[in-house]
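Single-structure report; data block below.
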């Protein structure tokens, strides 16, 4: 079964959870929303499992850990686990235990302390991560073109899936593992963040966008959201959105481009994502540099990488 087709496993290991409490668990369709049991598993979005606890918001660390480990052990394709109403202590305890006992497992964990939402992306695919080689190649082009010096290139450290937990209020207890980010030497937070969605929904990606930008404490300059959407006949659409904060602190859409379906060759060749020095370096911009100097990332280069990765999983661009 190809990536994106499979959901997470149909059953979870509730054995240890039953020792603490015995909830009623069932799958619920859209028409059952008003008669949900205390805990339901929502699969209305392909690849996502949501555990809601409307009548009993307290979910123990052991229970959540058991649920996640069970899915990790059985997963064969990318999917998203989302648990709601998870208190800060429980979320941090789960994260610590997963780091200890499942360090090498393929997952990325995020916790929004304002929404009390814990999300785990299991087995991120090459489709999901197509932006990583694209941006790395773009940085090399910045170096060759003279936009960056070697010294500046060294300052711009890049990390995929590294835990970040130095947010400001009201997200100060949040933890995020960005799909990719730039953290200049000396910075506590990234300046540029990529958030990619293959099994994640656009609203989920926008929640993360809000966290990064609104509580980036002046460090996070820009977030690029890449969204891949499976449609009929194993074809995939894709788009990229670029956001920052305006002077009043409101989230602003700077740019939106369609990746797939590609436009005419002439239009496709001209599509670029604009990045400034300020967005790369943030408060750590080297002295004497123009913060508004721009460089451009070719969207066609991303198309080539993404199309190749889709082919590896039996998909084709829309």
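Numbering (the numbering used here), first residue to last: 8 to 325.
Every residue, glycine too, gets a C-beta built ideally from N, C-alpha and C.
| request: Go through its chain and collect everything with a Cβ distance to residue 219's Cβ below 6 Å, but skip five positions before and after it. | output: Correct list, in chain order: 200, 227, 230.
| request: Look up residue 222 in the DSSP assignment and say whether it is helix, strand or coil. | output: Residue state, collapsed to three classes: coil.
| Between the segment 209-218 and the segment 303-312, do three or more beta carbon pairs fall short of 8 Å? | no
| query | Cβ of residue 242 within 8 Å of Cβ of residue 113? | reply | no
| message | So for residue 81, helix, strand or coil by DSSP? | response | helix
| Based on the DSSP output, what are the partners of residue 164 in its beta bridges? | 190
| query | When the distance is taken between beta carbons, is residue 181 closer than 8 Å to residue 119? | reply | Cβ atoms of residue 119 and residue 181: closer than 8 Å.
| query | How big is the Cα-Cα spacing for residue 204 and residue 270? | reply | 22 Å
| request: Throw me the rounded Cβ distance for the residue 109 and residue 74 pair, which I believe falls under 8 Å. | output: Their Cβ separation, rounded to whole angstroms, is 13 Å, which puts residue 109 and residue 74 out of contact at 8 Å.
| Which residues in the same chain as residue 238 place their Cβ atom closer than 8 Å to its Cβ, once the five residues preceding and following it in sequence are excluded? | 244, 325
| query | Once you ignore the five residues that flank residue 289 on each side, which residues in its own chain have a CB closer than 6 Å to its CB? | reply | 198, 226, 228
| Taking the alpha carbon of residue 129 as the point to measure from, which residue in 277, 81, 266 has its own alpha carbon closest? | Residue 81 holds the alpha-carbon nearest to the alpha-carbon of residue 129 among 277, 81, 266.
| request: Determine the extent of the beta strand (DSSP E) in which residue 202 is found, giving its start and end residues. | output: 199-204
| Going by other Cβ atoms of all chains shown within 10 Å of its Cβ, with 16 needed for buried, is residue 124 buried or exposed? | buried
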